[in-house]
Every structure is written in structure tokens, then in C-alpha cells.
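In this note's numbering, the protein residues as written are 179 to 572.
One structure below.
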Amino acid sequence: MPDQKDTRRHFVRNVIASSAGVTLGSSLANGKEEPGSESKLKIHPEEWRNRQSDMSYRRFGNTGLMVSEIVFGTTPWKSDRYLKIIEAGLEKGINYIDTAPAYSKGEAERIIGRFIKQSGKRDQFFLSNKISFYDEYMRRLSLEMLKDLPAEKQSELDKKADQMIEERGVLKPGYHFKYFGGQDRKFKVVYLRHLVIKEYGSLRKWKTQIQSHSKQLVENSLNATQTDYFDVLHCPHGTAMPEELEDENIREVLEDLKTEGKIRFSATSMHNDVPAILEKAIELGYYDAAMFAYNIANHAALDIPVRKAKEAGMGLVAMKVARIVSNPGMGDVPQWRIDKLNAAIGEERSLQSKAYLWALQNPNLSCCVSEMPTPEAVADNASVTGRKVEIGLV
């Protein structure tokens, strides 16, 4: 008898083989990808998992995945009590779990792995993961280049990074919102890395090393989650500037992983400079999906890019939907955000579920990701799905 994992991976590989080089671009598959060229995302048939009558589902872009309007985020998952929360979510019809090796120092992945092993329910939900430590690895390589430069040149690049950040206005209040500690520091790290690579080489001599390391990170995550494939894989995780998406190593690694049957669809995620990065993802045309901060505070700058991304066939996951009005660990929430949400959604319910109800009125979103630490939170958030309400004037 063939190994079950090998059989499943063979199935996924065969499904992908028919569209390899289409989802990420036929020219890319043939090694002919030109800078700025676009590729059309293949339209896949509908695929259902854990369909429940009380849950509403939306198509995840051209992937065909029919995802629940509320899906699981796993950032704080640290103990096995979340095994029961996964079960509570499945009972409500939730069918998508998003995780990352960076969450709770890898424990979130391991909890999902234990659930899969104990329950045997891998095929009841779509699993999304990230190459969280790709950025960290690339930073180390660029720092190797930077440290060999004269002090005057290092200072020049540092100032140039600051200048780019200032000119682009990516930290401007009203455009930029903070969701967690240390978020702003990502800008300087990424901009400086970009300048070093741009001026001193594209790291081509490390190409094999970069790609091998990236694939090993994915293998580590597959082992931790005790599965042989991910439905969606994000890279970069936490994109901070549009140029990051142009990294040929990422494109090639994602394509290889698809061909090998280890992932099905590609994505990127972002908290910073969301409109510009989402626009870049649309322009490049090879990402199947994106997960991004979208909420009552920042939506005005995002509604047009979100619509364009939907029209381009991308699956779209809204995150930080409720954090903007609760924001644990980040100090007091400005009252205007809460007032705006209350004006938009007048009914009596928790701020968290109000936030999700508000976001789900946007038909261009595929789903909202939510950290649900209790079965009660699962029920509260699931109760807003499938509802159409009139948004109050704000």
C-alpha cells in the first residue's frame, strides 16, 4: 500500500501539473519571465470543505477554494486548549486555518499538527502557512555585504533608506496604523536591505543557497503541522515595501513548491504600506492571494485596490479587522475608531463581531481572519456571517 502522504501529494501534484506555469505565469515556468510582465491566474473549479448550513462561504479568488467568511488566525496559540477551539470552529463551518512558524515560537504550527494527527480531519479545512523567516535570512545575507563597505558608504545607505521612507510617506498618520510592537522597525530593515542589494548585487551568487534554505523552512513547517502540503503559502510574510515582491527567488521557490505538490497556491501578507504593496501584487500578476490589514480606520485608502485585486482573481483575506478597535498591548484605542464603528454598525453586539460584520459588507473580500481564543468567541464571530446590513453614515 502506498504511503497516505505520498498519495495525497501525488494527487496535489497532478492537479497542479495541469496549471503549472499558469498560476505563476507560463513565461516564468519556461524561464522567460520579463520584469514587469503579467500572467493570468488560472480559474479553478469550486472546491468545498466542511460545508455547514449555518456558515456562509465565498470564493477565494480564482483558486476555487470556497472559504468560510470567518477563518482562524493562530498568532496567540500556545496550548492544547486550542484543540477544542478548532473543533468548535469546525462545528460552526469554519474551514480555513492560517498559521506561521513565527507564531508563538512555532507552537501554533505544532498544535495544528497534533490536531491533524489526533483527529484525522486534514481534509476538512484549508491550511495556510508562511515562510516567516525568509526575510530574516535575506537580511543576514545583505548585512554580510553591508559590513564590508566603508563606514561612509554604510552611513550613506542608512540615510538614503530614511529618505525613501520619508518621501513615500509610509509612516504618515492616517495612512499607517500600528497593530503590534516593533511593527514600524520593519520599514528600515527592508528599505536598507533593498538598497544594499540594488547597489551591490542581486545576491545571485547565493541563489542556490537562498532557495535551498527557503525550501527547508517549508519542509520544517510541513513536519511541524504533520501534513504534506499547504493549500496557501505566503512569502514574504509581512511585506513592507512593494519591491520585495519582485524578488525572483520567491517566485521561483513558489513555482517549484507547486510543481512538487507541497503547496497549491501562493500569497503574500502585509501590515505596512498596504495599498502600494497590494497594487504591486496586482501588477505582477502571479500571486493567487493576499492577506492584509483592512478595517474601519484604513479602508478608505484600500477599497479601490481591493476591488482591483478581486477583479484580477486574487483571494483576499482581511486581517487586523477587530484589532483596530481592541489592540491588546498597544495602549488605549483612540475613541474615534470605536465611535466610527458604532456609527457604522448600530446593533448591540461585541466590538469584535461588529468589526467583522462591517468588513464582510465588502463583497470583494474573501474572508476575515480572526483570533478566537474561546468557543464563545468562535460563536460570536460566526454569528455575523451571511448577514447583509445597512452601514450607517460615518
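For glycine and all other residues, C-beta sits at the position ideal for the given N, C-alpha and C.
Note that the structure is a prediction, hence the values are computed from the model and not measured.
Please identify the residue among Ser246, Phe303, Val348, Lys385 whose C-alpha is closest to the C-alpha of Tyr315.
Lys385
For a minimum of 4 consecutive residues, which ranges assigned as the alpha helix (DSSP H) are wholly contained in the segment 475-502?
481-489
Per DSSP, what kind of secondary structure is Ile272 in: helix, strand or coil?
coil
Report the partner residues of Val547 according to the DSSP bridge assignment.
Bridge partners of Val547: Val249.
Limits of the alpha helix (DSSP H) - the one that Val410 falls within:
Per DSSP, Val410 belongs to no alpha helix (DSSP H); it is in the beta strand (DSSP E), 408-412.
Bridge partner(s) assigned by DSSP for Pro351
His354
Limits of the alpha helix (DSSP H) - the one that Phe293 falls within
285-297
The segment 480-494 in contact with the segment 535-546 per 3-pair CB rule at 8 Å
yes
State the Cα-Cα distance for the pair Leu435 and Thr405, rounded to the nearest angstrom.
14 Å
Cβ-based neighbour list, Trp514, same chain, cut-off 7 Å, excluding 5 preceding and 5 following:
Same-chain partners within the cutoff: there are none.
With distances taken between CB atoms, is the gap from Leu335 to Leu373 smaller than 8 Å?
The answer is yes: Cβ separation under 8 Å.
Tell me, please, which residues DSSP counts as bridged to Asn307.
Leu411
Three or more C-beta pairs below 8 Å linking the segment 275-289 and the segment 363-372:
The segment 275-289 is not in contact with the segment 363-372.
Going by beta carbon distance, what residues of the same chain come within less than 7 Å of Ala418, once the five residues before and after it are set aside?
Lys364, Phe365, Val368, Asn450, Asp451
Let me confirm a value: Trp226 is counted as buried when at least 16 other C-beta atoms fall within 10 Å, else exposed. Which label applies?
Exposed is the call here.
Count the other CB atoms within 10 Å of the CB of Ala329; is the residue buried (16 or more) or exposed (fewer)?
exposed
Classify Pro453 as buried or exposed, calling it buried when 16 or more other Cβ atoms lie within 10 Å of its own Cβ.
Buried: at least 16 other Cβ atoms inside 10 Å.
Proximity winner among Leu456, Ser390, Ile460, relative to Glu430 (alpha-carbon distances)
Ser390
If I follow the unbroken beta strand (DSSP E) through Ser444, where does it start and stop?
Membership of Ser444 in the beta strand (DSSP E) is indicated by the continuous run 441-448.
Can you tell which of Glu424, Ala555, Asp425, Ser447 has the C-alpha that lies nearest to the C-alpha of Leu494?
Ser447
Rounded to the nearest angstrom, what separates Ile375 and Gln296 at their Cα positions?
45 Å
Determine, for Pro506, whether the minimum Cβ-Cβ distance to residues of chain C falls below 8 Å.
Within the model displayed, chain C is absent; a lone protein chain is all it includes.
Taking its Cβ as the centre, do 16 or more other Cβ atoms sit within 10 Å of Pro420, making it buried, or is it exposed?
buried
Val511 and Val503 - do their beta-carbons sit closer together than 8 Å?
yes
For Arg236, name the three-state secondary structure that DSSP assigns.
In the structure shown, the three-state DSSP call for Arg236 is strand.
Span of the beta strand (DSSP E) holding Ala418?
Careful: Ala418 lies outside any beta strand (DSSP E) and carries neither H nor E.
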